[in-house]
Amino acid sequence: MSSNQPAKLTMKTMFLSLLVLSYSVASFHCSTVPENTTDMFSLLGFKQAITSDPTGILGYWNSSTTFCQWEGITCSRTHPGRVVALHLTGLRLSGQISSSLGNLTFLKELNLSSNSFSGQLPPLNHLHKLQILDLGRNLFHDTIPDALANCSNLQTLYLHHNSLVGKIPATLGLLSNLKDLWLSYNNLTGTIPSYFSNSSNIQRLSLTDNQLEGSIPDQLGKLSRMQRLALGANNLTGRFPQGLLNLSKSLQVLGLEMNKLGSTLPPNIGDDLPYLQRIFLNRNIFQGNIPASLGNVSGLERLDLENNKFTGQIPTSFGKLKTLYELNLERNNLEATDAQSWEFLNALTNCSGLEVLALDGNQLQGALPHSIGNFTSSLQMLLLGENELSGIVPPSVGNLQSLIQLTLEHNNLSGKIVEWIGKLTNLQQLVLEMNKFTGPIPPSIGNLTHLTILSVAFNEFEGPIPSTLWNLEQLTLLHLSNNNFQGPISPDVSHLKQLVDLGLSSNKLTGEIPNVLGQCSNLVSIEMDQNFLIGDIPVTFSNLKSLNTLNLSHNNLSGTIPIVLADLLLLSKLDLSYNHLQGEIPKSGLFGNATSIYLDGNFGLCGGAMDLRMPLCPTIPQRKGNKSTRIGHSSSASGSISSIGLKGTIGYIAPDANAILKSV
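Each residue of the sequence shown is one higher than the one before, counting from 4 in my numbering.
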């Protein structure tokens, strides 16, 4: 050291040196074999860089025990004192990872996943023995370092769920022993490198949820051991890569969803990839017919083709898929117009394990076949909305007693909902809106005690709302709007304590709004407009602290606007127009924003914010020395005005009103 530079240790070096010294003294009698102080020094350097240790796990990294016994540390049996594994996962540790870990030259496994480490990935280029590196689910940013290629024995590299940027480095293609590479859920850009084909041992490659673009390289078809290929949620374009058809002996999971891939699928895809178990091609722009050869993939479990532009008929060959439990074909242009084209439904009843059948958003026409009731008890989700179905719902649907979700919305279905509905006692979601159903809702609806979503809006249902409906205490959404329901709203509505969204608009409901509705404290939206409701607006609405939308317009409500509505901080839309409300409009809270409230058609209202442009509330001059009093707040003045007949409207002032008031 030159005379110009004083020989002094940094505080960090002194601290670590003291720890090493204290550790050495304490462990002198505990071990007959000298331990490697380099590895210990490296671990202490790692500990010092930790800024937060909520569980206190690193507090036990001290001189009271040999470092090979510290939590998360595994040392070699053949090379005493050399660390071979560091495993600290899911402990909410934060800070940067010290470069000192790069000195653990015997390290085979480094797993720091599911923490809050940030900054750049640490330089680990000296870890030639490293086989498993898992830094997934942290907060790392910046690029993936080229130096990782020096970890030549690396078999598993998990960097998923971080904020890494830049291109995938070409040097990763040098990791010839790599089996698992997960870079998903980052912000990586550029194209998928063709040099991955050099890593011939890769079995699982996941690049989902990045910003990769360009086409999928055919060279990936050279990875003859590939079992899982996940490239979804990027900006990939082009055709289905023909090279992937070469993975006929290995590929089990193929995920290309949420990209911009197009054109037709290879007609022989099912024959060339016979070991596929899961296929995700949803949310692309594939077109043409769905290849019938997919029915030859005997072990297929999930097939998701939703949100594409497939046309033609659904292959009947799918009926051979004995292991299939999810078939999602929704939002395409698939057709069924006659008995022959509906034959696929009969075939699918042979899929004994089918749990999910999603066909909504297609061009299926005509009546539902009665064979729909022949599905096995495994079927839990049947989605047929947004098609062109007509006729009645076959009563055989009642056989599907394991159904959790049934959607038939936006069709032309008609007739009555009969007692089959009460047999579906496991239903959690029932959506029948936008059809032409008639008649009453059967009382057996009360059997569906697990129901959370019920929507029958925009139909022609009539009669009273069944009293049994109020027993469905798990409901979070209830939409009965745009029907012909009659009669009062039962006070039993208060049983629906979980209710978030209540829609009763455009019916023929009468009577008062039950005060007990204020007990449904989770309500966010109430729509009761276009009915014949009378009485006051319940002041108990003050309990609805989560309320965002309240629409009571076009009824026969009377009385004043409860000032407690101004205290609902989340209320952003209030429509009380076209009722018979009267008195002064509150000014605080929501009432100060004229764009959020609608009060037209209430000729008895006055005052309020200037932007509402409502008439001023009249005042009564008092005897000398007294302040004037608003008519809306004076019972005697109101009585006087009423006695002289001001057209029954508080806000109305006759041309000679001043003279009249003076004579009172």
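All C-beta atoms in this analysis are idealised placements derived from N, C-alpha and C, irrespective of residue type, glycine included.
A direct Cα-Cα distance of roughly 20 Å separates residue 615 from residue 571. For residue 414, the closest alpha carbon among the candidates 123, 435, 493, 401 is that of 435.
Taking a cut-off of 8 Å on C-beta distances, the region 120-138 does not touch the region 76-85, as fewer than three cross pairs fall below it.
It is roughly 40 Å from the alpha-carbon of residue 358 to the alpha-carbon of residue 198.
Within the region 173-203, the complete beta strand (DSSP E) segments at least 3 residues long are 183-185, 190-192, listed from N- to C-terminus. The closest CA to that of residue 327, considering only 290, 381, 442, is found on 381. Taking a 10 Å sphere around the C-beta of residue 229, we find 16 or more other C-beta atoms and assign the residue as buried. Non-local C-beta neighbours of residue 189 in its own chain, meaning closer than 6 Å and more than five positions away in sequence, comprise 165, 167, 213, ordered along the chain. Burial of residue 339 is indicated by the presence of at least 16 other C-beta atoms within 10 angstroms of its C-beta. For residue 307, the enclosing beta strand (DSSP E) covers residues 305-307. The straight-line gap separating the alpha-carbon atoms of residue 450 and residue 398 is approximately 17 Å. According to the DSSP secondary-structure assignment, residue 330 is paired through a beta bridge with 306, 360. With a threshold of 16 other beta carbon atoms within 10 Å, residue 62 falls short and is exposed. No Cβ-Cβ contact shorter than 8 Å links residue 99 with residue 135. If only complete runs of 4 or more residues are kept, the region 368-431 shows no alpha helix (DSSP H) anywhere.
Beta-bridge pairing by DSSP links residue 170 to 192. The region 243-251 makes contact with the region 217-224, as at least three CB pairs between them are under 8 Å. Proximity to residue 346 across 331, 373, 363 peaks at 373, based on C-alpha coordinates. A residue is called buried once 16 or more other Cβ atoms fall within 10 Å of its Cβ, and residue 103 is buried on that count. Just so you know, the alpha carbons of residue 408 and residue 85 end up roughly 56 Å apart. Note that the C-beta distance between residue 324 and residue 364 is not below 8 Å. Here residue 395 really is in contact with residue 418; their C-beta atoms are around 4 Å apart, less than 8 Å. Annotation for residue 535: no alpha helix (DSSP H) segment contains it, though the beta strand (DSSP E) segment containing it runs 535-538. In the assembly as shown, residue 236 is a buried residue. Its beta-carbon has 16 or more other beta-carbons within 10 Å. For residue 259, there is no enclosing alpha helix (DSSP H), since its DSSP letter is neither H nor E. In this structure, residue 308 places its C-beta atom within 8 Å of the C-beta atom of residue 284.
When beta bridges are read from the DSSP output, residue 336 appears opposite 314. Residue 465: member of the beta strand (DSSP E) spanning 463-467, first to last residue. For residue 74, there is no enclosing alpha helix (DSSP H), since its DSSP letter is neither H nor E. Counting along the chain, residue 489 sits inside the beta strand (DSSP E) bounded by residues 487-491. Straight-line spacing of the CA atoms in residue 270 and residue 319 works out to 15 Å.
Across the structure, residue 369 and residue 349 are spaced so that their CA atoms are roughly 15 Å apart.
Per DSSP, the continuous alpha helix (DSSP H) segment holding residue 45 begins and ends at 40-51. Collapsing the DSSP output to three states places residue 211 in coil.
Secondary structure at residue 366: strand, using DSSP grouped into helix, strand and coil.
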